Amino acid sequence: MSVKIDPNLMKDLKAFGMKDANKCMHCGNCTAVCPLSTPENPFPRKIIKYAQMGLKDKILQSPEPWLCYYCGECSDVCPRGADPGEAMMVMRRYLTSCYDWTGFSRKFYTSERFELVAISIVAVLVGLALWIFHGANPDMEHACLNTVWPAPAIEIADIIMGTILAFLLLSNTYRCFLFVMGDLRKKIPLDIYIGQAKELLTHFLTQKSFGKCEDRTQWFVHLMIMTGYCTVFLLVVVFLAGGIHVIGLSWDKIMFQRDVIYPFFHPVRLLGYYATFAILYGTTYAMIGRLKKTKAPYKNSHATDWMFLMLLQLTTLTGILVHFGRLLDWPMITYIIYVIHMMVAIPMLVLEVPFAKWAHLAFRPVVIYLMGVKEKYYQDQKG
Amino acid sequence: MEKKIAVYICSGCGIGDALDIEQLSKVATDDGGVPICKIHPNLCSKEGVELIKKDISGEEVNTVVIAACSHRVMYDAFSFENCILDRVNLREQVVWSHKPGDEDTQMMAEDYLRMGLAKVGNMELPEPYKPEEEISRDILVVGGGATGLTSALEAAKAGCSVVLVEKESELGGYQKNVKKIITFPYKEVQDNNIQGLIQEVTQNDKITVYTGANIEKTEGGPGIFQVFIKQNGSTAEHRIGAIVLAAGWKPYEPEKLDDRFGFGASPNVVTNVMFEEINNKGSINRPSDGRDVKNVAFLQCAGQRDPEHLPYCSSICCITALKQALEVKAQDPDANVFMVYREVRTPGQAEELYRMAQEAGVIFIRCQSPEVKVSGSQVNVEAEDELLGESVLLEDLDLVVLATGMVPVTAFGQDITEEGIEENEGEEEKKEGEEEEVPLDLIRRSNILNLEYRQGPELPALRYDFPDSNFICFPYESRRTGIYVAGCVRRPMGIATAQEDAAGAVMKAIQCIELTSKGAAVHPRAGDTSFPEFAMQRCTQCKRCTVECPFGAINEDEKGNPMPERTRCRRCGICMGACPERIISFKNYSVAMIGEIIKAIEVPEEDEEKPRILVLACENDAFAALDMAGLHRMQYNAWVRVIPLRCLGSMNLVWIADSLSRGIDGIFLLGCQHGDDYQCHFIKGSELADIRLSKVSETLDRLALESERVRFEPISIVDYDRLPALLDEFAEQLDEVGPNPFKGW
Chain A
1 MSVKIDPNLM KDLKAFGMKD ANKCMHCGNC TAVCPLSTPE NPFPRKIIKY
51 AQMGLKDKIL QSPEPWLCYY CGECSDVCPR GADPGEAMMV MRRYLTSCYD
101 WTGFSRKFYT SERFELVAIS IVAVLVGLAL WIFHGANPDM EHACLNTVWP
151 APAIEIADII MGTILAFLLL SNTYRCFLFV MGDLRKKIPL DIYIGQAKEL
201 LTHFLTQKSF GKCEDRTQWF VHLMIMTGYC TVFLLVVVFL AGGIHVIGLS
251 WDKIMFQRDV IYPFFHPVRL LGYYATFAIL YGTTYAMIGR LKKTKAPYKN
301 SHATDWMFLM LLQLTTLTGI LVHFGRLLDW PMITYIIYVI HMMVAIPMLV
351 LEVPFAKWAH LAFRPVVIYL MGVKEKYYQD QKG
Chain B
384 MEKKIAVYIC SGCGIGDALD IEQLSKVATD DGGVPICKIH PNLCSKEGVE
434 LIKKDISGEE VNTVVIAACS HRVMYDAFSF ENCILDRVNL REQVVWSHKP
484 GDEDTQMMAE DYLRMGLAKV GNMELPEPYK PEEEISRDIL VVGGGATGLT
534 SALEAAKAGC SVVLVEKESE LGGYQKNVKK IITFPYKEVQ DNNIQGLIQE
584 VTQNDKITVY TGANIEKTEG GPGIFQVFIK QNGSTAEHRI GAIVLAAGWK
634 PYEPEKLDDR FGFGASPNVV TNVMFEEINN KGSINRPSDG RDVKNVAFLQ
684 CAGQRDPEHL PYCSSICCIT ALKQALEVKA QDPDANVFMV YREVRTPGQA
734 EELYRMAQEA GVIFIRCQSP EVKVSGSQVN VEAEDELLGE SVLLEDLDLV
784 VLATGMVPVT AFGQDITEEG IEENEGEEEK KEGEEEEVPL DLIRRSNILN
834 LEYRQGPELP ALRYDFPDSN FICFPYESRR TGIYVAGCVR RPMGIATAQE
884 DAAGAVMKAI QCIELTSKGA AVHPRAGDTS FPEFAMQRCT QCKRCTVECP
934 FGAINEDEKG NPMPERTRCR RCGICMGACP ERIISFKNYS VAMIGEIIKA
984 IEVPEEDEEK PRILVLACEN DAFAALDMAG LHRMQYNAWV RVIPLRCLGS
1034 MNLVWIADSL SRGIDGIFLL GCQHGDDYQC HFIKGSELAD IRLSKVSETL
1084 DRLALESERV RFEPISIVDY DRLPALLDEF AEQLDEVGPN PFKGW
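Line order of the protein sequences matches chains A and B.
Residues 1 to 383 (my numbering) make up the first sequence, in order.
Residues 384 to 1128 (my numbering) make up the second sequence, in order.
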């Protein structure tokens, strides 16, 4: 069966940020230098070939874009300036949009206007909701957020939002699984999937593959953003009510964001500080890098890259201000900042997690895990 | 001329420390009876040179032997007018490559001095040759394409009158059909300005243009070519100094291609040349119905790099295809353009063009053997993409462009060696019996120059029928002196290189005229004013000299007597080596002279256990390699005695017989690489020497000597590090064979 070339894919990929992949002459230096490329899953050259030839199906089945952490060494050694690292990044954007069955992701990535409008609409809706549904007797003497927006109500909203997002992200991840594993997925016995599950968690938490890249700073920065984000995610989703209050699981000593101000060394407060510092450090480093184009991964910035960093940093900054507002006990300022905080954080979660950059927190470890499963399966077949 | 010899020994550069100079000077004064022998610590210095000059003017010295460094260095310091000169190489080949203060090193130095004295004793000052006819400074340019036109203009700019001959009725050549060109610095596709070039040429009053003309006959040699140009039934005659051959190329015939290229199966399968013609008519359209193209595939290497068709790469088809692809993209940016290639070859700055095509969205498919599939009006291409590892199908192509290659016009016409087989060459073969035959040159009757040369009417073809030496050191040189090759007839090239070539070849032509007018040789012995003289009364009309001269410098009369055309001569001495009667000699280079040099080597008695090895070394590479070995202070045995030859092809077998009968134990011949990738400066010299050597067994048998005593080794200058080991190994081999029984006879 001969493959057919689709010259239009390259044009399509341009909207996802593809710029220089046409320049590739397939010398293979990028693949040779990449510490993560393996004989079973060689990249980035192969993926660039698929892009040049417009082989959409092959790209869809490729796990390689998720195996790359974008250290940028390939782009540094490329003799043609084809920027293979960026091509892999574009592929991740493209794949995210392909995995997304709603079609929302595609619009979000390919139209800056759509991206801005979508975020603005969600922000306004959040603002309106907080305006309309505030508590009956807000405490204007002291900064007590729970008197304006009672914790249980926030929690319910949180759970509704979480469920919808989880459904979207997981369904997209399932599609990713279908594409990447193809027919093999049914052949592999379940116990291999279970046996390898540990790897999923390790890769998620440590991103140890990234450690194989030469530029360890990128790994560290990435790890900071990821752990900071996950910590705050845990605080917001799980510890908001000291557990999941609605279903009766809670312990009020570890409740997050209560009007009680915990002592400095209280674990929740410390976790909050860690998350704040980690995200602020990571995003600032990345933003300066992108502004100054200090290294290959920062040389090309898609609109969604900036949006992601800005939302994350704004969320953190407004979070810090809320914290200070509460410490200083300035009720009105705290409430206003809190509204702004929510108007930034929620669009970020709602739009970025299932449809855009944040989705990679699911796709990447899952694909690495699936490759482990595949490898194990082939090993067993041989043995 | 009464010779008054003076010897100057330099004791600088370590010579004085390694040798007993007093002892050495006695070789000149006592044994040689030389009236003046002076020692100087730094002979190449101003004072040293003054010392010599003073003797020349004051003491009436007219023959100078300088025992110092190699003749390859300091030649400008040691240059004395009207003086016979020899340089004895004490530095590189004696003290720098042998043990200092050693008896054998001293013997070597003394031998070399004796050899130098023998040399000057047997040579005369050459007198430059001046033909009776006046030397013409006009340049004939053959071919009115881009190369020829540029050549004509370049020559005119340099002040030469030019005669330009074009076969077709119009000037412009192939470029006439080309709409857009790509040239240095390969940044953009440009409009072709061939019409401007034609106008410049036709308006230049130094250039006489003949179109629709051909050269009926070319007589004579450099400076005195007589060219007969036939146009419209009448013949014009011109006296010409030198010729630039820019006769161009023809596309490889697509009908000969393999069926898989589908040529002829659909009108929409065309060649790159046909593409240019279609484009030049207006727009790039589908030949079957004239509609603009949407899907175009370029298939590279159509019949090229294929031993069945053209074994070589035409080097420009990739550039042409990229240019054409860009033209398709310029006409319709949404058109799908595919390039199926084996390797994209875009040398030098042309790489920029490759990038441009990539950025324009041309899709590249690497495939060794694409297949064109035609069914009805549909043309598809199936190609196994090596980078994908899968077969790719290109469907509904409007145009498939095949990259056919360039064939030089010299590749057409019958080979004269084939037509001559039944007649005279057959007889010769019988006469010579079992001896290895000197291979005849491939010359085709391609009706370009129609030379009145005994050896054939056109330039001898070298590899792949191109008349140019493929050796990088000799660009534009053909094997006929005064005829320089430029453009696509020299090797496949694009317009950028062709125009550069045009200027280069004109420069060579002007050099040739300048040197010829001074009676001097051209490359590689530029400036040499000696020339071969024939002692005709002893000639046996064997024709060896006319057959073996690589440059066709010797014509023949009806009786077979050689008639040297002196301005064609390159002074290599190959004729001198070829002549069995030894009637050919130069004033300063002769069979007798080398024979006397060999006699000057002292051969110690057998019981002294000091064997002697005669090294006959090509001056151009092997001798230089020996110098290099010395320069690197590499040591080798002190039994060798080196005699530089103009070319190993000038080696006469009598020297071998002479040496062996004098008791010299072995003879080592160092020449250049021959064969397809020859490096011989005189093209066939080392090959001829090797062939002659195959006949030496007869001599050895007569003397009852072992064949191991004579050995040929190809050496180039970069092989200098191999030399000491080679020489020592040969000495060991001779040691095993034992001493030459003729010692002391």
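Ideal placement from N, C-alpha and C gives every residue a C-beta, glycine not left out.
Nothing here was measured: the structure is a model prediction, and the numbers come from that model.
Report yes if the C-beta distance between residue i and residue j is below 8 angstroms; otherwise report no.
i         : j         : result
B:Leu628  : B:Val872  : yes
B:Glu964  : B:Arg1029 : no
B:Val974  : B:Leu1036 : no
B:Met506  : B:Lys970  : yes
B:Leu1134 : B:Ala680  : Residue 1134 of chain B lies beyond the stretch modelled for chain B, which goes from 384 to 1128, so this question has no answer here.
A:Pro331  : A:Phe204  : no
B:Leu1110 : B:Ile1098 : no
B:Ala786  : B:Cys696  : no
B:Pro670  : B:Pro650  : yes
A:Asn300  : A:Asp83   : yes
B:Ala625  : B:Asn587  : no
A:Gly325  : A:Ala151  : no
B:Pro511  : B:Ala1012 : no
A:Gly54   : A:Asp20   : no
Distance, Cα to Cα, residue i vs residue j?
i         : j        : result
B:Gly606  : B:Pro822 : 30 angstroms
A:Ala356  : A:Met307 : 10 angstroms
B:Gly604  : B:Glu835 : 10 angstroms
B:Glu1169 : B:Tyr495 : One cannot answer for residue 1169 of chain B here, as it falls past the ends of chain B, which runs 384 to 1128.
A:Lys208  : A:Met25  : 31 angstroms
A:Gln196  : A:Tyr369 : 7 angstroms
A:His323  : A:Gly162 : 24 angstroms
B:Gln797  : B:Ala740 : 42 angstroms
B:Leu1083 : B:Tyr724 : 57 angstroms
B:Asn597  : B:Thr618 : 10 angstroms
B:Gly397  : B:Lys482 : 12 angstroms
A:Lys14   : B:Gln714 : 22 angstroms
B:Glu405  : B:Phe849 : 57 angstroms
B:Ile419  : B:Leu434 : 12 angstroms
A:His341  : A:Gly289 : 25 angstroms
B:Glu549  : B:Gly526 : 5 angstroms
A:Ala166  : A:Phe363 : 13 angstroms
A:Arg216  : A:Phe210 : 8 angstroms
B:Leu736  : A:Met88  : 26 angstroms
The beta strand (DSSP E) spanning residue i covers which residue range?
i         : result
B:Leu523  : 522-525
B:Leu1053 : 1049-1054
B:Gln609  : 608-614
B:Met946  : 945-947
B:Trp632  : 632-634
B:Arg448  : It is Val, not Arg, that sits at residue 448 of chain B in the sequence shown. Note, B:Val448: beta strand (DSSP E), 446-451.
B:Ala539  : Unbroken run through B:Ala539 is the alpha helix (DSSP H), 529-540; no beta strand (DSSP E).
B:Phe1095 : 1093-1097
Since residue i is in the alpha helix (DSSP H), which residue starts that stretch and which ends it?
i        : result
A:Leu190 : 190-195
A:Arg290 : 267-292
A:Arg106 : 104-110
Is it the case that the stretch 460-477 of chain B contacts the stretch 495-506 of chain B, given that we only count it when at least three CB pairs across the two stretches are under 8 angstroms?
Contact between the stretch 495-506 of chain B and the stretch 460-477 of chain B is present, because at least three Cβ pairs lie under 8 angstroms.
- Query: Is it true that the stretch 754-762 of chain B meets the stretch 720-734 of chain B, where meeting means three or more beta-carbon pairs spaced less than 8 angstroms apart?
  - Reply: No, they do not touch.
**Asked** Touching or not, the stretch 448-467 of chain B and the stretch 421-429 of chain B, by the rule of three or more beta carbon pairs under 8 angstroms?
**Response** These segments touch.
Any contact between the stretch 743-760 of chain B and the stretch 642-662 of chain B? By contact I mean 3 or more CB pairs, one from each, below 8 angstroms.
Touching, yes.
Practice task
Examine the Cβ distances between the stretch 574-584 of chain B and the stretch 547-566 of chain B and report whether three or more of them are shorter than 8 angstroms.
Solution key: Because the criterion of three Cβ pairs below 8 angstroms is met, the stretch 574-584 of chain B and the stretch 547-566 of chain B touch.
**Message:** Runs of 4 residues minimum, wholly inside the stretch 867-927 of chain B: which ones carry the alpha helix (DSSP H) assignment?
**Reply:** Runs of the alpha helix (DSSP H) lying entirely within the stretch 867-927 of chain B, each at least 4 residues long, are 878-900 in chain order.
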